[in-house]
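A short write-up of the structure that comes next.
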Amino acid sequence: MITLERISKSYGPDNMAVAELSLEVGDGELAVLVGPSGCGKTTTLRMINRLIEPTSGRILINGENVLDQNPVHMRRGIGYVIQQGGLFPHRRIFDNVATVPRLLGWDSGRVERRVNELLELVGLDPASYGRRFPHELSGGERQRVGVARALGADPPVLLMDEPFGAVDPVTRGRLQNQFLELQHELKKSIVFVTHDIEEAAKLGDRIAVLSTGGVLEQYDTPAEVLGRPATPFVADFVGSDRGVRRLAVVKIEEGDLAEPPGVSPDTTMAEARAKGEAMDAKWAVVVDGDRSLVGWVSLEPGVDGPVGPHVKKFAVQVPLGTTLRAALGEMLQHDVRWVPVVDEEDRYLGVLTPNRLHAAMRRSVGGTPVES
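First residue of the sequence shown? That's 0 in numbering that gives the first Met the number 0, and the numbers climb one at a time after it.
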């Protein structure tokens, strides 16, 4: 748990960098600080590990005020990642990652095991990368080494200052996805600085939007920040296309799905049509006995016999928890009006339609349901 209590940083009577900022980051939560240049994002981050001393206020990590601690010792318990990882250029990758464990006095065997474990964790082969120097790695590889080094002593808190800002868009997307997978496994308390609202929405459990002078305009989930900006400043900062961006942060839930008629391959077409008429449907989903998805069938008249020979395969299916943006992308990519949704064992749950997608967007900000 990270708690900021009315933290301020002033460089003079007319130069307030951060103004009485208060917020909490829960255990295992990723909070993103976002805002325009000069809003105090990086200053706030550096005050947490005391690279910058606050003018006033308190900073608590797991209930202990960091301002009462030895700053050098305190920093060894906080991971810190900056652009390009901030690696020591004259040290090999192994030695970069080993920095904090060695400072803590770990024996050589323990250090080696930890470094190898961390390099594997971030997808780098220790045998291949351990003896290289930073200049021999790509930007994305250096950034992964930076994350590995920050995790050296398994700190509960991780501070990240625009860590993916210096790489190309494709590499950046990959790093973001890998980092989300890593956070799902490690569950660190993370404060992450970015100027990019899309990155903030993709990565953050909560987003803190700061305006000039370090004023907190809104601190909430990505869906709330994008769906219900608290102030005109936030609305302007997240942009007029925030509704489209919100597609990327709202995930499909089971209650979002429509339930068209369901039939088995052995059902007769007459029985299927009767079921469709009762539900005012012109097609049905075909599933087998364990609810594995077989396909769909048109209920238009003129075809008799069992359903099985007339089944058409769905062009695509998506798992529960897929973002609405990804699901909509599949609809557009395959030119379909619905997408079947399955659970982690590939059992059919229902279908996502455009109307249901809209309803899910409304649900994400507490809106009233719409008809499917």
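Backbone N, C-alpha and C define an ideal beta-carbon position, used for all residues, glycine too. As the structure is a prediction and not an experimental result, all values here were calculated from the model.
Proximity to SER7 [Cα-Cα], best of ARG91, VAL65, SER55: For the options ARG91, VAL65, SER55, the alpha carbon positioned closest to that of SER7 is the one of SER55.
Using DSSP bridges, identify the partner residues of VAL156. Answer by DSSP bridge pairing, in chain order: ILE77, SER188.
Check the DSSP bridge columns for ASN64 and list the partner residues they point to. DSSP lists LEU59 as partners of ASN64.
Rounded C-alpha distance that separates GLY76 from ASN48: For GLY76 and ASN48, the distance between alpha carbons rounds to 9 Å.
Counting along the chain, where does the beta strand (DSSP E) carrying LEU29 start and finish? Segment 29-33, the beta strand (DSSP E) holding LEU29.
Does the count of Cβ pairs from the region 316-323 and the region 294-303 closer than 8 Å reach three? Too few Cβ pairs lie closer than 8 Å, so no.
Please identify the residue among LEU174, GLU116, LEU202 whose C-alpha is closest to the C-alpha of SER137. The option with the nearest alpha carbon to SER137 is LEU174.
Just the C-alpha distance for PRO162 and ALA283, rounded to the nearest angstrom, thanks. Those two C-alpha atoms are separated by around 48 Å.
Compute the distance between the beta-carbons of PHE376 and ILE196, then report whether it is under 9 Å. Within the shown structure, residues of the chain are numbered from 0 to 371, placing residue 376 beyond reach of any answer.
Output the distance between the C-alpha atoms of ARG131 and VAL17, rounded to the nearest integer angstrom. About 40 Å.
Ordered along the chain, which non-local residues of its own chain (more than five positions away) have a Cβ less than 8 Å from that of MET0? Here the set comprises GLU23, VAL24, GLY25, ASP26, LEU59, ILE60, ASN61, GLY62, SER188.
Under the three-state DSSP convention, the category GLU370 falls into: Low confidence applies here, because GLU370 scores a pLDDT of 48, under 50, leaving its location unreliable; read the following figure in that light. In the structure shown, GLU370 sits in coil (DSSP, three-state: anything other than H, G, I, E or B).
Relative to the C-alpha of GLY349, which residue among ALA273, GLU198, GLU253, PRO308 is closest? Answer by Cα proximity: GLU253.
Whole-number beta carbon distance between ARG143 and LEU157, since they are thought to touch under 8 Å: About 14 Å; that fails the 8 Å criterion.
Take LEU86 as the anchor and find which of ARG141, ALA257, ASP167, THR230 has the nearest alpha-carbon. Selected option, being the one with the closest Cα: ARG141.
With distances taken between CB atoms, is the gap from MET159 to VAL80 smaller than 9 Å? Contact: yes.
Expressed to the nearest angstrom, what Euclidean distance is found between the alpha-carbon atoms of PRO308 and ALA271? Pairing PRO308 with ALA271, the inter-Cα distance amounts to about 13 Å.
Please go through the same chain and pick out, in chain order, the residues whose beta-carbon is closer than 6 Å to the beta-carbon of VAL335, but skip the five residues on each side of it. By the criterion of a C-beta distance shorter than 6 Å, VAL335 is surrounded in its chain by ALA314, once the five residues flanking it on both sides are discounted.
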